[in-house]
Amino acid sequence: MAAKPNLSGASDSDLSSPSEQSLPNRSINRSLRLAEKERRKNEAEDSFGLALKYFSEVKVGTPVHGNDEFERNLVCVEKVAYSKGLHPEAVSTMLEFAMSCRMGTSPCARVLKCLVPSSVVPQEAVVRAVVWLGIGKIPVGTQILFVKWVITMFDLIDAKDQLRAIYGFIFNFVMEENLCPFICHLLYLLTRKESVRIFRVRKLLELQSKLGRQPFLLHLLSLYKVFCPELVTLSIPSRMKTGFRNHNSPWKSALISVQKRNGSQAAHNISLSVSTSRKRKHGHLDIPVLAPAVNKPTLSESSPNRKVVPLVQIQSFAHLLKNMHQIELPAQMGSLLGSSLALLYLDCVQDESALLRLNFWLGYALHEEFLFNDGGAFQNSDEAQQFLDKLLSTQHFLQEGFSSTEAFLYKFLNVWDGALMRPQILGLLSNIPVVPSSQIGRLLFEPLMQLFFTSSLFFKCGLLDCLNNMLLKWLTWHSVYALEEDLDISLNSHTSINMTLSGFKNSLMELVQFVGRLSTVGLQVEGCHSLLLSFVLDFYETVCDMFLKYGLPLVVMPPPGVFYPALFATDPVSVDRLAYIMYRYKMNLTSAKQREKQTERAFRINRQTIHEFNHYAVVMVNCLWNSKMFQPGMGIELSEKLLLRSNVPNYTMSFDLIHHPAFLSYAVDFHQLLQPSKKEMDLASIKQSRPWTWYIDFLCSQGFDGLKHFMNSNINWPRTEDSQGDGVSTQQR
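Sequential numbering from 211 applies to the sequence shown in the numbering used here.
Right, here's the structure in full:
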């Protein structure tokens, strides 16, 4: 009992747990760790500062081999560069050291490879390095490495005015054969209208005669021709290979990792221009942020009195109109895809140089990620799908496709499995401009035919819908850009693609005939599936009105492999649509014949086309109306013995509007309405004159307007009480 008071009087510290007693020790240990970390950080910063001081003050002629101080300082700079990146002053110091060759040429390449900036690159440092480039004692390999570094870091250079001021100095390096491809790439990025001079054009043409039609020369000349077409008379091919290769330089992966580690905004600006190697998936698919080309508060062009407005500062359409001719394009042309106002500017001004730059960027993004991607990791990527959707919406906004997208599709179709991002790829495919008939088979038809016959029904339907949209766009381009005087058309307002009317007709004819072949075989393979037949008829609804709706002097009839499956379809909608298509064909042919008589310049209708239409019209009338199926001259002839063996009574009436599988249910409903009390079904009684007239009116009341138009335009049918439903004649062309 005496012990209890002693326990009650014990202090709190005596009763505390061991973990509570160790709290002060933990705090002390944590403080020591933080202090040690801070000390090491300060030491690293001090050593980095000393390293920079060493390279800025090192004497000319200092040896490299056996120089431990040099090696220690360079390792320190490399460690900082690859972990946090070099600040602008450090970039200037190291770039000056490398290009001045104060310790010889051996360390130059190593120093250039570690020039990974943390934010921006000072323009003055780049200009001084370019001047050092002209001294001539730097090895060619190091010169190439430096120019590649400038191209890679181009969008991180804080300004471009001084670089453009020495454009002529940089241009002189195109005469160096090894440097020429890289200098052309750099000039392409720096070129403005005032940079184009006749002596430079002549120099590039002289190089072309020496080196051949190199893509890098053609791309630079194409940009010159955009700015000054009167100076560049050279014919530039409408489709060229990629002019400037996306070199796997040593800075790309390091630059991306540094920017992401620092969380810098610049990471968004460079994500498309400096992707990692091909093992990094979707390095190009992030649309960059709209940022000004010059990172300065006050912006000015070559004229000091002219103030320019960065596109990023435009906030409304009214603001855009007010500053239409003072707008500065962004540093990254890919950022235009993410801004509706930027696209409005691009569409209104029609800046050819901007389109060239945008196509250049887009070509890299598509080729690197979809053609040169290792492992196919993008197959389930939402990022790639969103990128293609954004590209599609941009093309729909501009109402035209990009040439880089077109070149990408021609290559991608040869490796595409038909399932990967099918809606996006088919959407892009439908936007390509008219392909010359001499190339359309190799570029489009061969890969699409292989995909069509090895894919599912839904792919077949999607491809036919894509080709229908492609045909609609081609016809729309013709109707918009056709010149009535010389019958030449410009197929794209932003390119120099010109094609004569005969060439356009040949390409269009090739497309229609190709779809006819696909449809014929596809309907056979899929058992005349109604869904596939619907898309086929969609296509021919466009084809049948090419003359009246789009002013194209061309009429192409569907092949028998499309006409007869539609005529004998089991659903009434397909038969009705076929009737409407035949009605529109007649309207187009009639109008064309009338214009042929009125004007001498009108096209002459192919007599074979008229013969095909008349044959199809007679078949439809004899089949649906006159009950003369399988008769001689009907196109589908069967021997009488074979027909008798089928045990089908009155086989000639099997496909008229009463007994046709598509309309049999309507005939039964009409018979019940006509004779509700009669127990026996006598469908042949509908063929009598008055019931037949009522039956036709009954079908028209069910919404079969195609049949109604076809009958009114192709059948001479006196609607009287004494008239008979059979034995009528057709109105032939």
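C-beta: ideal position from N, C-alpha, C; glycine also.
Report yes if the CB atom of residue i is closer than 8 Å to the CB atom of residue j, and no otherwise.
| i | j | result |
| --- | --- | --- |
| residue 745 | residue 675 | yes |
| residue 865 | residue 778 | yes |
| residue 764 | residue 803 | no |
| residue 742 | residue 751 | no |
| residue 305 | residue 335 | yes |
| residue 427 | residue 414 | yes |
| residue 687 | residue 718 | no |
| residue 383 | residue 361 | no |
| residue 949 | residue 618 | In the structure as shown, the chain begins at 211 and stops at 943. Residue 949 is therefore absent and cannot be evaluated. |
| residue 953 | residue 713 | Because the chain here runs from 211 to 943, residue 953 falls outside it and cannot be looked at. |
| residue 355 | residue 319 | yes |
| residue 401 | residue 433 | yes |
| residue 534 | residue 568 | no |
| residue 264 | residue 283 | yes |
| residue 438 | residue 417 | no |
Could you check what DSSP says for residue i in three-state terms: helix, strand or coil?
| i | result |
| --- | --- |
| residue 817 | helix |
| residue 407 | coil |
| residue 710 | strand |
| residue 274 | coil |
| residue 380 | helix |
| residue 314 | strand |
| residue 735 | helix |
| residue 367 | strand |
| residue 540 | strand |
| residue 269 | coil |
| residue 765 | coil |
| residue 327 | strand |
| residue 718 | helix |
| residue 294 | coil |
| residue 702 | With a pLDDT of 42 at residue 702, under the threshold of 50, the predicted position of this residue should be treated as unreliable, though the coordinate-derived value follows. Residue state, collapsed to three classes: coil. |
| residue 349 | coil |
| residue 517 | strand |
| residue 259 | helix |
| residue 419 | helix |
| residue 892 | coil |
| residue 319 | helix |
| residue 443 | coil |
| residue 778 | coil |
Tell me the rounded alpha-carbon separation between residue i and residue j.
| i | j | result |
| --- | --- | --- |
| residue 749 | residue 893 | 36 Å |
| residue 703 | residue 538 | With a pLDDT of 41 at residue 703, under the threshold of 50, the modelled position of this residue cannot be trusted; read the value that follows with caution. Distance between the alpha carbons of residue 703 and residue 538 is about 22 Å. |
| residue 638 | residue 611 | 8 Å |
| residue 783 | residue 673 | 22 Å |
| residue 925 | residue 754 | 20 Å |
| residue 606 | residue 550 | 12 Å |
| residue 435 | residue 631 | 37 Å |
| residue 786 | residue 833 | 14 Å |
| residue 678 | residue 532 | 40 Å |
| residue 767 | residue 557 | 38 Å |
| residue 732 | residue 870 | 24 Å |
| residue 666 | residue 730 | 16 Å |
| residue 740 | residue 781 | 8 Å |
| residue 591 | residue 659 | 27 Å |
| residue 285 | residue 372 | 32 Å |
| residue 483 | residue 365 | Low per-residue confidence applies at residue 483: pLDDT is 39, beneath 50, and the placement is therefore not dependable, though the value from the model is reported in the following sentence. If I take the Cα positions, the gap works out to 8 Å. |
Got a sec, what are the start and stop residues for the alpha helix (DSSP H) residue i sits in?
| i | result |
| --- | --- |
| residue 428 | 425 to 437 |
| residue 916 | 915 to 924 |
| residue 866 | First-last for residue 866: undefined, no H or E at that position. |
| residue 342 | 333 to 343 |
| residue 391 | 390 to 400 |
| residue 656 | 656 to 663 |
| residue 875 | 874 to 884 |
| residue 948 | Missing from the structure shown is residue 948; the chain here goes from 211 to 943 and no further. |
| residue 612 | Residue 612 -> no alpha helix (DSSP H), and no H or E assigned at all. |
| residue 753 | 740 to 753 |
| residue 550 | 550 to 559 |
| residue 903 | 899 to 911 |
| residue 528 | 527 to 532 |
Looking at the ligand PLP, does it come within less than 7 Å of residue i, judged from the CB to the closest heavy atom?
| i | result |
| --- | --- |
| residue 313 | Annotation note on the ligand PLP: not contained in the displayed structure, which lists no ligands. |
Answer yes if the stretch 361 to 376 comes into contact with the stretch 408 to 424, meaning at least three C-beta pairs across the two stretches below 8 Å, and no otherwise. no
Do three or more CB pairs link the stretch 336 to 348 to the stretch 306 to 313 at distances below 8 Å? yes
Would you check if there are 3 or more beta carbon pairs closer than 8 Å linking the stretch 312 to 325 to the stretch 269 to 279? yes
Are the stretch 907 to 914 and the stretch 874 to 889 touching by the rule of at least three beta carbon pairs closer than 8 Å? yes
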